[in-house]
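Chemist:
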Amino acid sequence: MDTLETIKNRQSIRKFDSTPIKKEDVDKILKAGFEAPSAMNRRPYEFVVCTKSEFWKEMITFKSTCAIMAETPLCILIVGNSNVNPTDEFLIEDCSACAENMLLAAKDLGYGSLWAGVKWHSEFYDALIKHFHLPDGYLPIAVLLFGTEAEKKYQVERFDAKKVHYEVF
Ligand SMILES: Cc1cc2nc3c(=O)[nH]c(=O)nc-3n(C[C@H](O)[C@H](O)[C@H](O)COP(=O)(O)O)c2cc1C
C-alpha cells in the first residue's frame, strides 16, 4: 500500500481472530514506532510487548470499552519516560506520534489495530503501573492492540472543508 492509501484504510478494529502476529512483523511495528519524530529528538518512549492475554483479562474491569484486549494476540503498552524531559512538555505528543506510526505500519503489514487510551490517574493507569512495575517517572500512555481483522470496516470521508482555515481563522 502506498502511504496515503494506508492512512485512508486504517480504522479502529474491535474484533480480531486469534492468529498470532509473526515476530518479524512485531519488530517492524516497533521499528515504525522508533522512527517517529520527537521534540528535540529526545525519544522518551519505551514499549512493553505482550502476547499473553491473562493480564488483559483482568484489565477489562478497568477498561470496559476495550474488552477485546483479552482476546487480542498482541498488545503493546507505550510508556513515556518523563525523566527524559522533566517538564513533560511534549511527552504525550512524542508518544502519540510513535503510536500512530505503529498503527499505520500494522495496517501496511495487513493487520488491524486499536488505540486504547489510558486516562491519567485512572484505575487503568494505576493498574498498568502496578502490574508492569513501572519505575518513577515512567507513565503508561497508550495500549495498542494488533491482530488479524475479523470485522469489516467501511471507509468514510472525513475531510471537512469547514474546518480548514486559510491565513485567518
Ligand atoms: C487517545 C485515544 C484513545 C482512544 N481510546 C479508545 C478506547 O478506549 N476504546 C476504543 O474502543 N477506542 C479508542 N480509541 C479509538 C477511537 O475511538 C477511534 O480512533 C475513533 O473512533 C475514530 O475511528 P477510527 O480509528 O476507525 O478512524 C482511542 C483513540 C485515541 C486516539
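For the sequence shown, this note's numbering begins at 10 and goes up steadily by one.
Beta carbons: idealized from backbone N, C-alpha and C, even for Gly.
Can you find a heavy atom of ligand 1 that lies under 6 Å from the Cβ of C107?
Modeler: C107 Cβ: outside cutoff for every heavy atom of ligand 1.
Chemist: Rank T157, D34 and P53 by C-alpha distance to the C-alpha of S21 and give the top, closest one.
Modeler: Taking only the C-alpha atoms, the option nearest S21 is T157.
Chemist: I need the straight-line Cα distance from N90 to G146, nearest angstrom please.
Modeler: C-alpha separation (whole angstroms): 6 Å.
Chemist: Excluding sequence positions up to five away, which residues of its chain have a Cβ less than 8 Å from the Cβ of I101?
Modeler: Excluding positions up to five away in sequence, the list reads G89 and I150.
Chemist: Pull up the distance between the alpha-carbon of M49 and that of N110, whole angstroms please.
Modeler: Distance between the alpha carbons of M49 and N110: 18 Å.
Chemist: Using the Cα positions of A136 and I69, report the straight-line distance between them to the nearest angstrom.
Modeler: Taking the straight line joining both Cα atoms gives about 11 Å.
Chemist: Which two residues bound the contiguous alpha helix (DSSP H) that contains E63?
Modeler: Where E63 is concerned, the enclosing alpha helix (DSSP H) stretches over E63 to M68.
Chemist: I'd like the list of long-range same chain contacts for E166, defined as Cβ closer than 6 Å, with 5 residues on each side in sequence excluded.
Modeler: Same-chain partners within the cutoff: there are none.
Chemist: Between which two residues does the alpha helix (DSSP H) holding A48 run?
Modeler: Per DSSP, A48 belongs to no alpha helix (DSSP H) and is neither H nor E.
Chemist: Give every residue of the same chain whose Cβ lies closer than 6 Å to the Cβ of G42, excluding the five residues on either side of it in the sequence, and list them in chain order.
Modeler: If we look at G42 and ignore the five residues flanking it on each side, its Cβ neighbours are C107, N110 and M111.
Chemist: Is it true that the CB of K172 sits closer than 7 Å to the CB of R19?
Modeler: No. Outside cutoff.
Chemist: Measure the alpha-carbon distance for F168 versus I16 and round it to whole angstroms.
Modeler: Using only the alpha carbons, I get a separation of about 13 Å.
Chemist: When burial is assigned at 16 or more other CB atoms within 10 Å of the CB, is P53 buried or exposed?
Modeler: Classification for P53: buried.
Chemist: Identify whether A79 lies in helix, strand or coil by the three-state DSSP scheme.
Modeler: Helix.
Chemist: The alpha helix (DSSP H) with L118 in it runs from where to where?
Modeler: Careful: L118 lies outside any alpha helix (DSSP H) and carries neither H nor E.
Chemist: Say the cut is 6 Å; is the CB of C75 nearer than that to a heavy atom of ligand 1?
Modeler: Within the cutoff, so yes.
Chemist: Going straight from the alpha carbon of N92 to that of L148, what length do you get?
Modeler: About 10 Å.
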